[in-house]
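My numbering puts the first residue of the sequence shown at 1, with every later residue one more than the last.
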Amino acid sequence: MSDSKLPKALTAPRTRALALCGALVAALFGVAAFVPLPYTLTWPGVTADTLGSYQDRPVLTVTGAPVRNTRGQLRMVTISATNPGERAALWRSLQAWFDQEEAVRPTDTVYPQGDPDKAEEVTAQQMAQSQDSATAAALSYLHLSPDQVKVKVDLGDIGGPSAGQMLALGIVDKLAGDGKGGDLTGGLTVAGTGTIDDQGTIGAVGGVPLKTQAAARDGATVFLLPKDECADAKVNTPDGLRLVPVGTLAEAVSALDALRTGGTVPGC
């Protein structure tokens, strides 16, 4: 059909310019949808009971002092992420944005080193430091000598510093329980996250909304977290999961004691 037979509204210069711009924008969006962006997709990862085994190996092996038989679980939690060199396209990022069990984060906040090999090396170092600090904090809390009591931690290839709090609680439970012959957990499945230093201070870790999903999925009814992360944790909190914010190892032990005895338990 010639232009002379089209309505004037469709042949006006402005209309044709707008149509051309619209086509270009559509083309750009079409290309952008498949262009890799500097973002990483994350989702709920594995959990591991620090009182039990992971990948058929004991998570905590304590020597130099009597070890208790424990009930309940103290689960450390993780998030999983796409590989360092893998970038999500726009359409996939948008899809994850609206999914409660996925999150989109700038790649450099997940893998600051950029290099996949370097990233693995860094997270392995962080885990090693976390294990040492958890052991030091737990033994200090129990007034035990690190020269006498030795703790070996085995979490396979799990890296990063966020297991610190739950490792320290696992050590305390195995060695002393609640101090009265019972368990820290009271038989419950307790999950949690948070870094820990040698003095027992618990620090923020990030990714808490995804970690609460992992905790609930694996049966936890209580979730211990750093105080500073309450606001994040309340985003899409799974039904039936109680959030308990703590700032130190001593506060975490006290909160678990309150849960067992019906005392006042901190909440977000």
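Ideal Cβ positions, reconstructed from N, Cα and C, are used throughout, including at glycine.
Remember, it's a predicted structure, so these values are computed and weren't measured experimentally.
Assigned secondary structure, residue i (DSSP; H/G/I helix, E/B strand, else coil)
i: Leu-28; result: With a pLDDT of 34 at Leu-28, under the threshold of 50, the modelled position of this residue cannot be trusted, and the question is left open.
i: Pro-161; result: coil
i: Gln-55; result: coil
i: Gln-73; result: strand
i: Asp-49; result: strand
i: Ser-80; result: strand
i: Gly-22; result: Confidence in Gly-22 is poor, its pLDDT being 47 and thus under 50, which makes the residue's placement too unreliable to answer from.
i: Thr-281; result: The shown model of the chain, from 1 to 268, leaves out residue 281, and the question about it has no answer.
i: Leu-60; result: strand
i: Thr-42; result: strand
i: Ala-103; result: strand
i: Gly-267; result: coil
Straight-line gap, residue i to residue j (C-alpha atoms, nearest Å)
i: Val-149; j: Lys-118; result: 33 Å
i: Ala-204; j: Ala-214; result: 18 Å
i: Gly-247; j: Ala-191; result: 16 Å
i: Lys-152; j: Ser-133; result: 12 Å
i: Trp-43; j: Ala-231; result: 19 Å
i: Ala-26; j: Gly-164; result: Its pLDDT being 42, under 50, Ala-26 is placed unreliably in this model, and the value from its coordinates should be taken loosely. If I take the Cα positions, the gap works out to 49 Å.
i: Leu-184; j: Asp-228; result: 23 Å
i: Leu-60; j: Ala-103; result: 31 Å
i: Thr-40; j: Gly-156; result: 23 Å
i: Asp-173; j: Leu-224; result: 15 Å
i: Thr-82; j: Gly-263; result: 42 Å
i: Leu-175; j: Asp-154; result: 18 Å
Cβ-based burial, residue i [other Cβ within 10 Å; buried from 16]
i: Phe-29; result: Residue confidence is low: Phe-29 scores 40 on pLDDT, short of 50, so the model does not pin down where it sits. Its coordinate-derived value is still stated next. It counts as exposed.
i: Ser-53; result: exposed
i: Val-235; result: exposed
i: Thr-261; result: exposed
i: Ala-250; result: exposed
i: Asp-198; result: exposed
i: Gln-55; result: exposed
i: Thr-63; result: exposed
i: Gly-267; result: exposed
i: Ser-130; result: buried
i: Pro-66; result: exposed
i: Lys-180; result: exposed
i: Asp-49; result: buried
i: Ala-128; result: exposed
i: Gly-194; result: buried
i: Arg-75; result: buried
Integer Cβ distance of residue i from residue j, believed to fall under 8 Å
i: Gln-126; j: Gly-159; result: 6 Å
i: Gly-72; j: Thr-189; result: 6 Å
i: Ser-254; j: Gly-200; result: Not a contact, Cβ separation roughly 12 Å.
- request: List in chain order: all unbroken beta strand (DSSP E) runs of 3+ residues lying wholly within the region 188-253.
  value: Runs of the beta strand (DSSP E) inside the region 188-253: 189-192, 222-226, 242-246.
message: As an exercise, report each continuous alpha helix (DSSP H) stretch of at least 4 residues that is fully enclosed by the region 131-183, in chain order.
response: For the region 131-183, whole alpha helix (DSSP H) runs of length 4 or above, ordered along the chain, are 164-175.
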